[in-house]
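S.K.: Sharing a structure, written as structure tokens. Questions coming.
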Amino acid sequence: MEGAVSAETGGLLGHHPHCFGCGQANHGGLRLAVRWHGDEARFEHTPPAHAEGGPGLAHGGYLAALVDEVAALVGAEYAGEPLMTRRVEITYSAPVLLGEPLSVRAWVEETGKRRVVLRIEASTVASTGDSTADSATPCFTARCLMLRVPKTVWLKLMAKRQSLGQLDWERSDPSLFLHWQMNGGLRTVLDTGRLPGELRIAVDVPDARPAEWTIVAGPDGLDATQGAPAESDARFHGPFRQWQQLIHRTVALDAILAEPSVRVEGSTQALAAFAEALDFGRHA
Numbered sequence: 001m002e003g004a005v006s007a008e009t010g011g012l013l014g015h016h017p018h019c020f021g022c023g024q025a026n027h028g029g030l031r032l033a034v035r036w037h038g039d040e041a042r043f044e045h046t047p048p049a050h051a052e053g054g055p056g057l058a059h060g061g062y063l064a065a066l067v068d069e070v071a072a073l074v075g076a077e078y079a080g081e082p083l084m085t086r087r088v089e090i091t092y093s094a095p096v097l098l099g100e101p102l103s104v105r106a107w108v109e110e111t112g113k114r115r116v117v118l119r120i121e122a123s124t125v126a127s128t129g130d131s132t133a134d135s136a137t138p139c140f141t142a143r144c145l146m147l148r149v150p151k152t153v154w155l156k157l158m159a160k161r162q163s164l165g166q167l168d169w170e171r172s173d174p175s176l177f178l179h180w181q182m183n184g185g186l187r188t189v190l191d192t193g194r195l196p197g198e199l200r201i202a203v204d205v206p207d208a209r210p211a212e213w214t215i216v217a218g219p220d221g222l223d224a225t226q227g228a229p230a231e232s233d234a235r236f237h238g239p240f241r242q243w244q245q246l247i248h249r250t251v252a253l254d255a256i257l258a259e260p261s262v263r264v265e266g267s268t269q270a271l272a273a274f275a276e277a278l279d280f281g282r283h284a
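If you read the sequence shown in the UniProt record's numbering, its first letter stands for residue 1, the second for the next number, and so on.
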């Protein structure tokens with residue numbers, strides 16, 4: 001798969017804890033639990049009572065929101081970078097009943113320099129529990145055109161909100177955000193003039209996949225590769241939330257190091273110097 005973050009079968013896809021579509025901490029949202037199964041994503045979802053349109057039926061707008069979320073979620077994980085919705089086309093073929101589970105499949109049909117096209121299919125879950133059985137009824141299909149978002153645009157929005165370090169990531173998977181950071185995001189905000197010299201930083205974020213990364217920041221810019229280095233100036237081990245607090249400098253380094261889930265090996269001065277060289281404000 002092109003740039004998938006969580007492509008292993010069973011890997012849970014997620015944006016962030018409070019996302020309306022997939023955030024498990026957003027009790028007013030859809031709370032979709034989407035997982036990879038080979039080259040496609042699958043999940044079941046039961047429309048709740050508050051999604052009612054016609055009597056006993058799920059509102060078409062509710063189902064459209066579900067489609068939009070799945071397209072953005074699956075497409076971004078596949079591409080390994082942020083996406084935005086350009087066009088969604090939905091063909092409804094049967095009513096969707098409230099309280100009855102839907103079986104949904106989504107896959108990437110086409111990719112290009114700027115575009116990612118996805119297909120989504122939903123049907124009722126057969127009474128046997130096997131969604132492939134003959135008694136499953138097709139409910140709707142969708143074709144979604146997504147556009148790749150330049151990392152500078154994404155970083156500008158994040159810098160304005162200063163929100164990533166404040167989220168409770170214990171109830172979600174930050175893999176997508178960490179992947180975006182390491183694959184060009186941090187390079188965009190690095191101010192090489194603030195560096196004391198070349199720094200090699202090992203990063204281990206156990207609540208993300210992959211967890212281990214090697215960052216080399218110097219006069220020529222920043223490169224990040226998957227895996228742990230043989231040697232480093234500093235090694236950060238801790239949850240994604242504390243990693244965000246470190247690089248955004250929203251919490252003092254001493255306070256981050258006091259967290260029981262955080263461990264730093266090597267030079268804390270090198271780690272602090274690296275964080276100081278990241279200028280998120282340039283995109284605010």
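For glycine and all other residues, C-beta sits at the position ideal for the given N, C-alpha and C.
Measure the beta-carbon distance from residue 121 to residue 105 and round it to whole angstroms, keeping in mind my assumption that it falls under 8 Å.
M.R.: Stepping through the sequence shown from its first residue, residue 121 is reached at position 121. Stepping through the sequence shown from its first residue, residue 105 is reached at position 105. That belief holds up - the Cβ atoms of residue 121 and residue 105 are roughly 5 Å apart, short of 8 Å.
S.K.: Inspect the CB distances between the region 106-119 and the region 76-95 and report whether three or more fall short of 8 Å.
M.R.: yes
S.K.: Could you compute how far the alpha carbon of residue 103 sits from the alpha carbon of residue 137?
M.R.: Start at 1 with the first residue of the sequence shown, and residue 103 comes out as number 103. Start at 1 with the first residue of the sequence shown, and residue 137 comes out as number 137. Going from the Cα of residue 103 to the Cα of residue 137 covers about 10 Å.
S.K.: Would you report the Cα separation of residue 20 and residue 44, rounded to the nearest angstrom?
M.R.: For the purposes of this step, residue 20 is identified with residue 20 of the sequence shown, where counting begins at 1. For the purposes of this step, residue 44 is identified with residue 44 of the sequence shown, where counting begins at 1. For residue 20 and residue 44, the distance between alpha carbons rounds to 17 Å.
S.K.: Could you pull the start and end residues of the alpha helix (DSSP H) that residue 24 belongs to?
M.R.: Along the sequence shown, read from residue 1 onward, the residue named residue 24 stands at position 24. It is not in any alpha helix (DSSP H) - residue 24 carries neither H nor E in the DSSP assignment.
S.K.: Using only CA atoms, which one of 202, 84 and 216 lies nearest to residue 151?
M.R.: For this step, residue 151 is matched to residue 151 along the sequence shown. Comparing Cα-Cα distances from residue 151 to each of 202, 84 and 216, the minimum goes to 84.
S.K.: Is the CB-CB distance between residue 34 and residue 88 below 8 Å?
M.R.: In the sequence shown, residue 34 corresponds to position 34, counting from 1. In the sequence shown, residue 88 corresponds to position 88, counting from 1. Taking 8 Å as the cut-off, the Cβ atoms of residue 34 and residue 88 do not count as close.
S.K.: For residue 266, which residues does DSSP report across the bridge?
M.R.: The residue labelled residue 266 in the question sits at position 266 within the sequence shown. DSSP, once it has assigned bridges, lists 234 as partnering residue 266.
S.K.: Between residue 235 and residue 216, is the Cβ-Cβ spacing less than 8 Å?
M.R.: Here residue 235 refers to the residue found at position 235 when the sequence shown is read from its first residue. Here residue 216 refers to the residue found at position 216 when the sequence shown is read from its first residue. No. Outside cutoff.
S.K.: If you run the structure through DSSP and keep just helix, strand and coil, what is residue 16?
M.R.: For the purposes of this step, residue 16 is taken as the residue at position 16 of the sequence shown. Reduced to three states, the DSSP call for residue 16 is coil.
S.K.: Tell me, which residues are paired with residue 285 by DSSP?
M.R.: This structure leaves residue 285 out entirely; the chain is present only between 1 and 284.
S.K.: Going by C-alpha distance, which of 47, 179, 74 and 62 is nearest residue 38?
M.R.: The count along the sequence shown starts at 1 and reaches residue 38 at position 38. Cα-wise, what sits closest to residue 38 is 74.
S.K.: Can you tell me whether residue 148 is buried or exposed? The criterion is at least 16 other CB atoms within 10 Å of its CB, across all chains shown.
M.R.: Within the sequence shown, numbered from 1, the residue matching residue 148 stands at position 148. It counts as buried.
S.K.: Are residue 186 and residue 66 touching if we call contact CB-CB under 8 Å?
M.R.: On the sequence shown, position 186 is the one that residue 186 refers to. On the sequence shown, position 66 is the one that residue 66 refers to. Cβ atoms of residue 186 and residue 66: not closer than 8 Å.
S.K.: If I'm right that residue 154 touches residue 82 with Cβ under 8 Å, what's the distance once you round it to whole angstroms?
M.R.: Mapped onto the sequence shown, residue 154 falls at position 154. Mapped onto the sequence shown, residue 82 falls at position 82. Confirmed, Cβ separation roughly 5 Å.
S.K.: State buried or exposed for residue 16, treating a residue as buried only when at least 16 other CB atoms are found within 10 Å of its CB.
M.R.: For the purposes of this step, residue 16 is taken as the residue at position 16 of the sequence shown. Residue 16 is buried by the Cβ-count criterion.
S.K.: Spatial neighbours of residue 101 within its chain, please: CB distance less than 8 Å, with the 5 preceding and 5 following residues excluded, ordered by chain position.
M.R.: As a first step, residue 101 must be located in the sequence shown, where it is residue number 101. Excluding positions up to five away in sequence, the list reads 44, 45, 46, 124 and 125.
S.K.: Please state whether DSSP places residue 50 in a helix, a strand or coil.
M.R.: Stepping through the sequence shown from its first residue, residue 50 is reached at position 50. Residue state, collapsed to three classes: helix.
S.K.: Less than 8 Å between the CB atoms is what I'm expecting for residue 256 and residue 245, so what's the real figure, rounded?
M.R.: By one-based count along the sequence shown, residue 256 stands at place 256. By one-based count along the sequence shown, residue 245 stands at place 245. At roughly 6 Å, the Cβ-Cβ gap stays under 8 Å, so residue 256 and residue 245 are in contact.
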